[in-house]
């Protein structure tokens with residue numbers, strides 16, 4: 058009697074932008090292996106949904122954010138977010154744009170009014186967080202991909218409708234501020250460690 062070959066489920070073909078997402082995620086995983094539980098959430102979400110960058114995917118979607126530093130690397134520009142009422146990094150919805158570094162740069166420009174910004178294409182941080190229900194929108198997840206953006210020109214910002222206020226904050230102070238958002242402290246600590254490694258190398 059011949060053995061029965063099991064029928065394997067057909068795996069969906071990944072789109073080119075999904076492959077790019079996943080390659081970036083694997084590079085991040087090599088740099089930050091301690092964050093594997095969060096990384097796994099992003100890996101699964103990106104692989105399963107070609108339209109993950111669309112806000113129409115109401116249960117959750119990818120967003121792009123900017124760790125927007127001053128030219129000297131000592132300060133970061135934060136927004137007092139109008140809807141969330143917290144001091145956070147600049148960023149927002151991808152609106153279908155699969156190039157999340159470009160999204161981060163665009164959001165930084167729109168929310169700060171700054172010109173002469175430069176974005177790094179490697180992922181700086183990942184954070185999945187729940188957005189509370191607002192108006193007709195139910196609570197949902199933001200899979201936020203963060204990138205370093207540098208201000209190499211003027212630091213004179215303008216406040217957009219997205220914010221109550223903007224402020225340049227010293228990164229070393231943010232890293233130890235007890236009331237700061239946990240992900241803000243994590244990014245501040247990463248930035249400090251990165252600068253120390255560069256100085257030592």
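Numbering (the working numbering), first residue to last: 58 to 258. Just so it is clear, CB atoms sit at the ideal spot from N, CA and C, and this is done for glycine as well.
List the whole-angstrom C-beta distance separating residue i from residue j, where the pair is believed to meet the contact cut-off of C-beta under 8 Å.
i, j, result
"residue 92", "residue 183", "7 Å"
"residue 134", "residue 223", "6 Å"
"residue 123", "residue 148", "6 Å"
"residue 102", "residue 110", "That pair is no contact at about 11 Å."
"residue 165", "residue 125", "5 Å"
"residue 191", "residue 139", "No, residue 191 and residue 139 are not in contact; Cβ-Cβ is about 11 Å, not under 8 Å."
"residue 127", "residue 167", "Rounded, the Cβ-Cβ distance is 19 Å, inconsistent with contact."
Considering only the beta carbon of each residue, do residue i and residue j sit closer than 9 Å?
i, j, result
"residue 185", "residue 150", "no"
"residue 157", "residue 204", "yes"
"residue 171", "residue 219", "no"
"residue 115", "residue 100", "no"
"residue 209", "residue 176", "no"
"residue 199", "residue 137", "no"
"residue 202", "residue 120", "yes"
"residue 97", "residue 75", "no"
"residue 143", "residue 227", "no"
"residue 245", "residue 237", "yes"
"residue 130", "residue 252", "yes"
Going by DSSP, which residues form a beta bridge with residue i?
i, result
"residue 226", "133"
"residue 240", "Beta-bridge pairing links residue 240 to no other residue."
"residue 220", "138"
Inside the region 133–218 only - beta strand (DSSP E) runs reaching at least 3 residues = Segments of the beta strand (DSSP E) lying fully in the region 133–218: 144–150, 174–176, 182–188, 197–208.
Return the chain-ordered ranges of every beta strand (DSSP E) run that is complete within the region 75–139 and spans a minimum of 3 residues.
-> Every beta strand (DSSP E) of 3 residues or more that sits fully in the region 75–139 is shown, in chain order, as 117–126, 132–138.
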